[in-house]
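Trainee: Last residue of the sequence shown: number 643 in the working numbering, and the count goes up by one each step with no gaps. Using N, Cα and C, we set each Cβ at its ideal position, and we do this for glycine too. Bear in mind that the values here come from a model prediction, so they are computed numbers and not experimental data.
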Amino acid sequence: MADVWTLMGGDGAPSAAGDRLPARLIGRDQESQALRTLLENHRLVTVAGGVGVGKSRLAADAVAGAAARSPAARLMLVRWPEAGQPGAPASLTAAVMEAAAGIRGRRGATLADRLCATDVLLFLDDVDPVHTECVGMVQTLLEFVPSLRVLVTARRPLGLGAEAVLRLSPLGVEPPAGQHTAPAVELFLETARAAQDDFAADDTDLRSVADICRSVGGLPLAVELAARQAVQGGVRELSGRLREHQCWLSAPDMAVPRHRSLRDAVAAAYVLCDREERIVWARAAVLPGDFDESTAAFVCAGGGLEPARVPACLARLAAVGVLTPVRDPGGIREPRYRMTAAAHDFGGERLCEAREFEVAAERRAIHFHRVAALAENLWSLGSQPQAVRLVMDEAEGIAAMLEYAPRQPELAAAALESVLNLWFWWAVYDRVDEGRRHLLRLLPMCRGDGLLTARALCLTAWLTAYGDPYGASELLRHAWPAAVLAGDDATIGRIAHVQGMLALHRGDLERATEQFQEAARTIPPHAPGGLSPVVSLAALAVTQAGRAPRAARQSARSALRQPGIRGDAWACLVARYAQAFVDRSGGRSARARQRAQRALAALDDRLPAPHGSVALRNLLTDFDGGRPGGGLPTTPVPRGRTDVALPALVGSGVLG
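1. Would you decide whether alanine 588 is buried or exposed? Buried here means 16 or more other CB atoms lie within 10 Å of its CB.
2. Please identify the residue among Val196, Arg201 and His232 whose C-alpha is closest to the C-alpha of valine 218.
3. Among residues of its own chain, excluding the 5 on either side of leucine 350, which ones have a beta-carbon nearer than 6 angstroms to its beta-carbon?
4. Give the secondary structure of glycine 289 by DSSP, where H, G and I count as helix, E and B as strand, and everything else as coil.
5. Quick one, which of Val358, Ala182, Ser43 and Leu155 has its alpha-carbon nearest serine 281's?
6. Could you tell me the distance, in whole angstroms, from the CA atom of leucine 259 to the CA atom of alanine 252?
7. DSSP three-state call for aspartate 420: helix, strand or coil?
8. For a minimum of 4 consecutive residues, which ranges assigned as the alpha helix (DSSP H) are wholly contained in the stretch 516 to 553?
9. Going by DSSP, what residues sit across from leucine 111 in a beta bridge?
10. In the DSSP assignment, what residue or residues form a beta bridge with tyrosine 324?
11. For glutamate 211, which option in Gly41, Ala347, Ala187 and Ala328 has the closest C-alpha, if you only look at C-alpha atoms?
12. Ignore the nearest five residues each way along the sequence and tell me which others in glycine 613's own chain have a CB closer than 7 angstroms to its CB.
13. Could you compute how far the alpha carbon of leucine 365 sits from the alpha carbon of proline 372?
14. Considering valine 122, what are the terminal residues of the alpha helix (DSSP H) in which it resides?
15. Might you give, ordered along the chain, the residues of its own chain that have their beta carbon closer than 7 angstroms to the beta carbon of arginine 296, omitting 5 neighbours on each side?
16. Starting from arginine 645, follow the beta strand (DSSP E) in both directions and report where the run begins and ends.
17. Please say whether alanine 49 and leucine 64 have beta carbons closer to each other than 8 angstroms?
18. When DSSP labels each residue in this structure, what does serine 134 get in the three-state scheme?
19. Any idea if methionine 124 is buried or exposed, counting beta-carbon neighbours within 10 angstroms, 16 or more meaning buried?
20. Measuring alpha carbon to alpha carbon, tell me which of Asp192, Phe175, Leu31 and Val137 ends up nearest alanine 151.
21. Within the continuous alpha helix (DSSP H) that includes threonine 80, where are the two ends?
22. According to DSSP, is threonine 33 helix, strand or coil?
23. Going by Cα to Cα distance, which pick from Ala525, Met488, Thr478 and Arg563 is closest to serine 542?
24. Quick one: which unbroken alpha helix (DSSP H) runs of 4-plus residues sit fully inside the stretch 161 to 202? Chain order, please.
25. Since alanine 507 and serine 523 are thought to touch, with beta carbons under 8 angstroms apart, how far apart are those beta carbons, to the nearest angstrom?
26. Would you say the stretch 574 to 588 touches the stretch 541 to 557, given that touching needs at least three Cβ pairs under 8 angstroms?
27. Give me the Cα-Cα distance between glutamate 340 and arginine 303, rounded to the nearest whole angstrom.
28. Using only the alpha-carbon positions, how far apart do alanine 374 and tryptophan 410 sit?
29. Looking at leucine 135 and leucine 109, is the spacing between their C-beta atoms short of 8 angstroms?
30. Going by C-alpha distance, which of Phe175, Leu389, Tyr324 and His492 is nearest asparagine 647?
31. For alanine 164 and glycine 204, I'd like the C-alpha separation in whole angstroms.
32. Could I get the ranges of all uninterrupted beta strand (DSSP E) runs contained in the stretch 322 to 382, with 3 residues as the minimum, in chain order?
33. Among Ala473, Ala401 and Thr530, which one has its Cα closest to the Cα of alanine 484?
34. Give the DSSP bridge partners of serine 237, in chain order.
35. Throw me the rounded Cβ distance for the aspartate 277 and valine 313 pair, which I believe falls under 8 angstroms.
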């Protein structure tokens, strides 16, 4: 049965709520004021939000204020039990009748008659288990009791026409403008000090606290549980653990039983979902970060769940706060969601318990393999901004697929092919270390496919060239025979390009010139999966600029005349850099400056800066400083260790 109170406004309503909820509100000033305004202007107000977001606490604070302002008013508080199980038929109505029993009226008076006798604020707290009954009862009471006001807290609104809804989000994890402390961090520190009087945090600890608050997404319940854990085990250790998992957070001294464990709090929402919603919740937990409706439909379908049923489940999970919409569900583009951190960990546990994780991971791998192939097609067909935006949107899912693939050997070949399809993401957008790490983890598992291995070795050498020249040379030495046997001109030409980079790095300009010429002749103009001959011609022009200026100008012009150059924005950028560099080397500074400025102006500010843009800016800086400047803008340079390529591959047998 529900917990019920019938209290006069001046007879302790705040304390009744406060016995179960801490009175102090952190970071909710705007929401608190908004709720008070809604209560003054609407008869029905619902505070909605996900698990642990602080709905009851905010509503209790507003009720206390309303009771203080209207001493003659009567407060009826009905709070559902903590178990979170669906209520029996008419159980909410019975609880409200019990709360109204203390209101005097004529013998045999109905509930509506009793409520009409005085000014009543009916506070229905945590009504999710009896949501359907609550809708009907509140609608009837509002119709027959004109003076009644109702405040509801639930994970989703009632959906009535007269309803005013205040949706709560987690606390901010970044400091607001003009403040030094984020609201979530403030709540953490205050909770920790309440649990331990001498709790103190230095600058390093405060950074760890900020990391903790980001890990839990600013969820107030999780922040409070984490603060109590930090008092026992230390802030820095806690920060590391929460990056892996967070449902283990617990505090047995929390006043509300359901809130003593983050897992129990999330489970209270899980048990109220129907079977299909639970399946979608668990399977969608394999998707990190944001995901589209179509992605979830593919990954979650199967085992009796049709793909067409998934979007409705997603919408219902979003309504109760398990998912957060990151794109307007009513917009032109399909809906996009993000699962809250606690719900994600809980869903992952359910997925493992059902022994479905491997199947879900395989479907995830299939989907993101298609995404990588689509991105490469967009790039090679001239839609490079769309390709980059696609990869940016799906980066977290792609990373999860690539991280998991070595644990499931049958997925390794598809994962390696995905890495190759995303060559531009690693090389052009300065994610060299990440791309090389994936290649070195996946190559030892894909020795059966000679061409795939050759392409992977070539890309690894390109990403390694200037950081580990010897290792890159050895990688190319093993890639060459496989590429020749497969008759893959594109890979053969790209091997020559990397050889030219290595020769240029050694200062052997003659050898570099030969290799870049060979690459430009060999790589087919529209070959997908890597750099085009335009880039090799640009590199050739830069190499020739100091020794053969006329040949350099011819190479630069030839680069800009290649078929499809206008559809390859990055190759065009590199070619324009080479042209500006050659002009600068020949003493035509004004023309070189104009070319560099024009090339930079063509960049899309909404996308990351591609590799080569820094070289163009450096060239302009060199003009201003009167320095000769310049260099080859086509070689990605690793930022991390570069001496790992050969040992990793020799040890695995990829390199004999």
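Mentor: Let me spell this out:
1. exposed
2. Val196
3. The displayed chain sequence assigns arginine, not leucine, to residue 350. Once the five neighbours on either side are set aside, the close Cβ partners of arginine 350 are Val286.
4. strand
5. Val358
6. 12 angstroms
7. When secondary structure is reduced to three states using DSSP, aspartate 420 falls in the helix class.
8. Secondary structure within the stretch 516 to 553: the alpha helix (DSSP H) runs of 4 or more consecutive residues, fully enclosed, are 520 to 531 and 536 to 547 (chain order).
9. DSSP lists Val65 and Val139 as the bridge partner or partners of leucine 111.
10. Partner(s): Phe278 and Pro312.
11. Ranking the options by Cα distance to glutamate 211, first place goes to Gly41.
12. Since pLDDT at glycine 613 reaches only 48, below the 50 mark, its modelled position is unreliable, and no value is offered.
13. 9 angstroms
14. 118 to 131
15. Glu263
16. There is no way to answer for residue 645, as the model of the chain reaches only from -12 to 643.
17. no
18. coil
19. Answer is buried; the Cβ neighbour count reaches 16.
20. Leu31
21. 78 to 87
22. strand
23. Ala525
24. 170 to 182 and 190 to 202
25. 4 angstroms
26. Because the criterion of three Cβ pairs below 8 angstroms is not met, the stretch 574 to 588 and the stretch 541 to 557 do not touch.
27. Straight-line Cα distance between these residues: approximately 23 angstroms.
28. 12 angstroms
29. Cβ distance < 8 angstroms, so leucine 109 and leucine 135 count as in contact.
30. Here the chain has residues from -12 to 643 only, and residue 647 is not among them.
31. A direct Cα-Cα distance of roughly 19 angstroms separates alanine 164 from glycine 204.
32. Whole beta strand (DSSP E) segments, 3+ residues: 323 to 326.
33. As written in the sequence, residue 484 is histidine, which differs from the alanine given in the question. Selected option, being the one with the closest Cα: Thr530.
34. Ser248
35. 5 angstroms
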